[in-house]
Structure formats: structure tokens, C-alpha cells
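Residue numbers (my numbering): 2 to 326. The beta carbon of each residue, even a glycine, is placed where N, CA and C say it ideally should be. Here the structure comes first, spelled out in C-alpha cells, and everything after it is commentary.
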């Protein structure tokens, strides 16, 4: 998340963006707040500002995490469940890096058995079976349940997604217990091998095609090349990626990464509501830029600009995109 003021709220650290979302939801209702704030974020994405990648993704993520916080608090208090429970964000949601077509990656954490758990049954009824959450809040809350006793069984991509775990609603500080248990039970070398395997199979070859304009998977051939390094540094102590971001002595790679996030947000927004092709698990068809996408980057300047101005601005954006890659 951003470095803006953060305050404690019911055992969870909430950013100023999230507090703003909660205040608006209290005033006009969660669904109306979601719709208004997403529209405002879309307007920001369509602006000509280029150095706002982190702002875009932080604000868009906060809309989702704050509303999930609100819902989880309501359900927890209504059911009266008295055992440790938390909702956390994982992966890109946990890093605060959501764009318009991103997954909403959440998890329900319990220090209790999952089978026959009344709170879990009710939560899953609302988000999976009856989709009541979608109707009330405007988006899907994709969340799997995890018990503290199951932590030693985490492996592969599931384990890696917990690297960027961030509490969303956590009155018992259960996320800290999960991270401590993971650190005590996981094999750092196996995690390193997982990152290496992905690098060798997919990401490394993208480094040799960084000047292509006919096809560019901005996630797998751009963002994840940077994250491979971040995850490698974070793995030994199982740190959140943001801890590594803050420790970088030279921030140029991070700035380039955030510029890719800014372009990803623009490209995703063009894809919303349009049918895309199928992609491999963990990938998004919406992330694939083709030649026409590179040509369209001048549209960030807006329809009010002349064709010549859009052309020149597009050249500037394309140049920066190639440099960031």
C-alpha cells in the first residue's frame, strides 16, 4: 500500500484510502460506494498522467479490501464466532496492485477446524452459493479457507501467494500467527526452486524479446520478471514484497515496474466487458498487448487533443514502455 497515514481499526492496519472507502460506504451504502469509486478510478486511468501507477493500483485495491473488511466485520459480529478468524488479501491484492481485470484474491483464516464451522459455512454461502456478496457489494470475493494446522501443507503457488499476505479484517492478529507458522515450517530452498522453475520455463525468454511490438504479455513478460527478483529476495525470511520494495537502494526498477502497472490498468480498462480468449492458470488473456494496443497508447491524451498530439504522445508512452521492459 502507499505510505499515506495508516491507522489501527479493529486489529487491522487500514490505509487512508481504505478509511475513505469505509466512510463513503457508511454514507451512501457499499454498492453505491463501490460504483462511484470504481468510476473515479477509471477516470484516473484514462488521464494523461503517466507517473501514477502506484496511485491507481493502491486506490483500486483499497476499494475492494475496505469493502471486504466491512462485510467480514458485519458477518463476524452477527454470528458471534469467538475463535480466532481473519480475512486476508493474497498475491497482487495483498501487494495492493489491482488493475481493472485483476483477480480478487482473498482467504479466510481460522485457528479452528474448517469442517462444520458455522462462520465459514455462512461466508461461503454468501460468496459462493447464493452470491449475496456480489449483489450487495458489486464484485466477487474469491476466497479459500485455510486452517492454521494446514500451514505445513502449503506448497507451490499457494505458498508463494501467502508471501504477500496482508490482513484485511484481523481482530485476533491471526495473519501474524500464519506467517510465523509458515516461516517455521516451509523450505526456503524449495521456494527458491519454484521461482527458478518459472523463470527457466517462461520468464527468462521474455528478456530477449523486450522490443517486440506485435505481442507483449504485460504480466508474464513484464511484471513477473521484476517480481521474480523480489520473491527471491523475500523468500528466505518469508517477507512481504513491500518490505523488499522499501529496502531497494536504487528505485529505478521499481519505478519501471509501477509504469508497467499504469499501462496495464489502461489496457485492462479497454478489455472490461469484452470477451477474451482463454489463458493458462494464473495468466490473463487481458494482459496480452497486440500491435493495435501499442498504437492506441496515444489515446491517453484524450479525444480533445489533436491527432498529431496523440501521435506524439503515443510515441512518448511507447518509448517509456520499451524502456521499462
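- Could you check where the beta strand (DSSP E) with residue 148 kicks off and where it finishes? 143 to 148
- Can residue 245 and residue 229 be called in contact, C-beta distance under 8 Å? no
- Query: Apart from the five residues just before and just after residue 176, which ones in its own chain have a Cβ nearer than 7 Å to its Cβ?
  - Reply: 87, 89, 110, 166 and 168
- beta strand (DSSP E) segment containing residue 87, residue limits: 86 to 90
- Considering only the beta carbon of each residue, do residue 233 and residue 193 sit closer than 8 Å? One thing to note: residue 233 has its Cβ within 8 Å of the Cβ of residue 193.
- Message: Taking the beta strand (DSSP E) that residue 216 belongs to, which residues open and close that run?
- Response: 216 to 218
- Query: Cα-Cα, which of 174, 171, 144 and 150 is closest to residue 162?
  - Reply: 144
- Between the CA atoms of residue 65 and residue 108 - distance to the nearest angstrom: 13 Å
- Task: With DSSP as the reference, please indicate the residues paired to residue 168 in a beta bridge.
- Result: 89
- Task: Return the chain-ordered list of same chain residues with a C-beta closer than 8 Å to the C-beta of residue 119, the five sequence neighbours on each side being excluded.
- Result: 80 and 82
- Message: I need the straight-line Cα distance from residue 91 to residue 106, nearest angstrom please.
- Response: Rounded to the nearest angstrom, the two C-alpha atoms are 5 Å apart.
- Alpha carbon to alpha carbon, how far is residue 18 from residue 5? Give it in angstroms, no decimals. Below a pLDDT of 50, predicted positions are generally treated as unreliable, and residue 5, at 36, falls in that range; the measurement from the model is reported next regardless. One C-alpha to the other measures close to 8 Å.
- Task: For the beta strand (DSSP E) containing residue 289, list its first residue and its last residue.
- Result: 289 to 291
- Message: Please report the distance separating the alpha-carbon of residue 141 from that of residue 94.
- Response: 13 Å
- Task: Would you mind sorting residue 54 into buried or exposed? The rule is 16 or more other CB atoms within 10 Å of its CB.
- Result: buried
- Message: So, at 7 Å on beta carbons, what are the nonlocal neighbours of residue 138 in its own chain, with the 5 sequence-adjacent residues on each side left out?
- Response: 31, 32, 35, 68 and 72
- Query: Within this structure, are the beta carbons of residue 57 and residue 185 separated by less than 8 Å?
  - Reply: no
- Taking the alpha helix (DSSP H) that residue 312 falls in, what are its first and last residues? Where residue 312 is concerned, the enclosing alpha helix (DSSP H) stretches over 308 to 325.
- Message: Can you tell me where the beta strand (DSSP E) holding residue 108 begins and where it ends?
- Response: 106 to 111 is the span of the beta strand (DSSP E), which, as asked, contains residue 108.
- Message: With the cut-off set at 8 Å, would you say residue 295 and residue 319 are in Cβ contact?
- Response: yes
- Query: Do residue 24 and residue 303 have their CB atoms nearer than 8 Å?
  - Reply: No.
- Taking C-alpha atoms, which residue in 300, 206, 148 and 37 lies nearest to residue 326? The candidate whose alpha carbon is nearest that of residue 326 is 206.
- Task: Just mark residue 96 as buried or exposed, buried being the case when its beta carbon has 16 or more other beta carbons within 10 Å.
- Result: buried
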